[in-house]
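The block underneath contains the structure these notes are about, expressed in structure tokens.
There are 2 protein chains.
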Amino acid sequence: MSKLTEMKSVDFLAALASSAPAPGGGGGAAMAGALAAALASMVCNLTIGKEKFAQQEPEVKELLDEAEEVRQSLLALVEDDAAVFNSFMACYKLPKATEAEKSARIAAIRSAAKQAAEVPLAIARASYRALMLAERLVCIGNPGVITDGACSAILARAALRCAEYNVRINLGLTKDEEYNHGVQAELNNLLKNAEELEAGALALTDKVLE
Amino acid sequence: MSKLTEMKSVDFLAALASSAPAPGGGGGAAMAGALAAALASMVCNLTIGKEKFAQQEPEVKELLDEAEEVRQSLLALVEDDAAVFNSFMACYKLPKATEAEKSARIAAIRSAAKQAAEVPLAIARASYRALMLAERLVCIGNPGVITDGACSAILARAALRCAEYNVRINLGLTKDEEYNHGVQAELNNLLKNAEELEAGALALTDKVLE
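Chains as they are written, first to last, in the working numbering: chain A, 64 to 273; chain B, 64 to 273.
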């Protein structure tokens with residue numbers, strides 16, 4: 064398959080809609096996170112270079128660098144999610160005629176499930192970074208584009224929540240309780256903080272729009 | 064500008080990230096809604112044609128038709144949002160040397176603000192339709208892809224919430240209290256129902272993943 068993110072948006076969406084199991088929810092999550100990061104960059108770009116916001120410009124420039132990096136990571140994760148899903152599915156096609164083959168196949172599936180969990184986990188972490196950027200930009204960015212910052216926060220948290228479902232479905236197959244527990248604890252923490260960050264950003268936006 | 068949705072995803076995201084004010088939050092909302100609709104189609108396509116789900120197949124086929132239609136509408140709205148924003152900005156460049164010019168300019172801005180509110184309002188309505196589809200598919204679709212249905216629900220509600228901010232910022236400029244009141248009442252109703260639909264879909268998904 065050619066690179067998913069090099070496809071026209073209309074064609075990527077058609078691929079997502081098709082019965083091909085990848086791209087799926089993980090790719091959709093990464094793309095939503097990339098939309099959030101792009102909106103964070105936009106707020107930076109419409110803040111930098113304006114005399115009114117000169118005081119916060121050094122910080123906004125740093126936020127822009129990070130937003131660009133987060134967007135590129137999420138674009139790479141769209142590809143990774145499809146790749147890892149396809150390798151995961153390949154494990155199910157391993158031979159299972161003998162007992163030795165059966166146990167090798169099960170071990171391969173469990174190991175692939177961990178790899179398949181790691182990609183949406185990375186999507187969750189990157190989306191959380193996008194959310195932190197959005198929240199800060201709602202506070203210090205150009206208030207003329209505060210709703211774009213609010214949209215960035217909403218989409219970043221949505222991407223994180225979608226990614227969490229895609230991690231969780233893979234954890235069911237790892238059979239590694241310790242690993243699963245650590246990953247789920249990290250995600251629960253991100254989800255909890257994300258709720259607060261989004262609420263803060265939207266409360267400020269609502270106040271400005273009043 | 065060439066059609067935004069015909070651009071490569073990576074280039075659309077770069078355009079969103081740039082200092083060009085369109086595409087902005089409205090386009091991001093419509094694209095997130097299109098991701099949600101595409102995931103709803105995917106769940107349909109992985110349910111239809113499987114003997115196990117034969118009983119619900121007629122309904123799922125109808126849901127697929129609607130999901131395809133909603134995705135196409137949202138793709139068109141990505142373009143509309145940028146177009147209407149650009150016409151809106153053009154009003155600010157109208158002459159304002161005489162009193163007559165001044166009042167003609169203000170009338171043009173107010174009328175353009177209504178048009179600029181109508182597009183994200185349409186994005187909100189289409190995203191809500193995507194959410195209704197996602198919720199139903201979580202209930203009757205192939206449970207093997209229930210997390211894709213959950214992601215569809217999360218992204219659809221996020222798109223609706225983003226669209227609402229983009230309507231609201233334009234309502235501030237219409238100076239038409241009756242119009243604003245009607246639109247805001249409709250949106251508040253969609254937002255309230257959306258919260259319940261999403262919560263229902265995720266509660267069911269959580270139960271299946273347990």
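Even glycine gets a Cβ: it sits at the ideal position worked out from N, Cα and C.
Computed from a predicted structure; not experimentally measured.
(request) Flag Lys92(A) as yes if its beta-carbon sits less than 8 Å from any beta-carbon of chain B, otherwise no. (result) Per the sequence presented here, residue 92(A) reads as Ala, with Lys not at that position. So, interface residue.
(message) Applying the 10 Å Cβ sphere with the 16-neighbour rule, what's the burial state of Asp143(B)?
(response) buried
(request) Using 10 angstroms around the beta-carbon of Glu227(B), count the other beta-carbons present and answer buried if the total reaches 16, otherwise exposed. (result) buried
(message) Among the candidates Ala264(B), Ser104(B), Val230(B), Glu259(B), whose CA atom is the shortest distance from the CA of His244(B)?
(response) Val230(B)
(request) Taking only beta-carbon positions, decide if Glu240(B) is within less than 8 Å of chain A. (result) no
(request) State yes or no: is the beta carbon of Ile172(A) nearer than 8 Å to at least one beta carbon in chain B? (result) Not closer than 8 Å to any Cβ of chain B, the Cβ of Ile172(A) fails to qualify, so no.
(request) Return the residue from the list Cys154(A), Ile186(A), Ile232(A) that minimises the CA-CA distance to Ala92(A). (result) Ile186(A)
(request) Check each residue of the region 132-157 of chain A: if its Cβ is closer than 7 Å to any Cβ of chain B, include it; give the result in chain order. (result) Arg134, Leu138
(request) Taking 8 Å as the threshold, find out whether the region 106-121 of chain A comes into contact with the region 149-157 of chain A through three or more Cβ pairs. (result) no
(message) Relative to the C-alpha of Ser215(A), which candidate in Lys66(A), Ala85(A), Leu98(A), Glu125(A) has its C-alpha closest?
(response) Leu98(A)
(message) Quick check: the Cα distance between Glu164(B) and Leu236(B), rounded to an integer number of angstroms?
(response) 18 Å
(request) Identify whether Lys238(A) lies in helix, strand or coil by the three-state DSSP scheme. (result) Three-state DSSP puts Lys238(A) in coil, outside helix and strand.
(request) Determine the closest residue to Ala257(B) out of Val73(B), Ala222(B), Gly89(B), Pro206(B), with distance taken between C-alpha atoms. (result) Ala222(B)
(message) Is there a Cβ of chain B sitting closer than 8 Å to that of Ala102(A), yes or no?
(response) It is worth fixing the name first, because residue 102(A) is Leu in this sequence and not Ala. Cβ-Cβ to chain B under 8 Å: yes for Leu102(A).
(message) So that I know if they touch, is there some Cβ in chain A lying closer than 8 Å to that of Tyr191(B)?
(response) no
(request) Would you kindly check if the distance between the Cβ of Val106(A) and the Cβ of Leu194(A) is under 8 Å? (result) No, the pair does not count as a contact, with Cβ atoms beyond the cut-off.
(request) Mind the definition here: the region 128-146 of chain B touches the region 162-177 of chain B only if three or more C-beta pairs lie below 8 Å; say whether that holds. (result) no
(request) Give the DSSP-derived three-state secondary structure of Lys113(B) in the structure shown. (result) coil
(request) Go through its chain and collect everything with a Cβ distance to Met94(A)'s Cβ below 7 Å, but skip five positions before and after it. (result) Val141
(request) Assign Val147(B) to one of two classes, buried (16 or more other C-beta atoms within 10 Å of its C-beta) or exposed (fewer than that). (result) Taking a 10 Å sphere around the C-beta of Val147(B), we find 16 or more other C-beta atoms and assign the residue as buried.
(request) Could you check what DSSP says for Lys156(A) in three-state terms: helix, strand or coil? (result) coil
(request) Give the straight-line distance between the Cα atoms of Ala66(A) and Leu79(A), rounded to the nearest whole angstrom. (result) Just to set this straight, residue 66(A) is Lys in the shown sequence, not Ala. Going from the Cα of Lys66(A) to the Cα of Leu79(A) covers about 13 Å.
(request) Give me the Cβ distance between Glu59(A) and Ile217(A), rounded to the nearest whole Å; I'm assuming they're in contact under 8 Å. (result) Residue coverage of chain A in this structure runs from 64 to 273, which leaves residue 59(A) outside it and unanswerable.
(request) List in chain order: all unbroken alpha helix (DSSP H) runs of 4+ residues lying wholly within the region 168-241 of chain A. (result) 209-234
(request) Please confirm whether Leu109(A) and Asn205(A) have their CB atoms less than 8 Å apart. (result) yes
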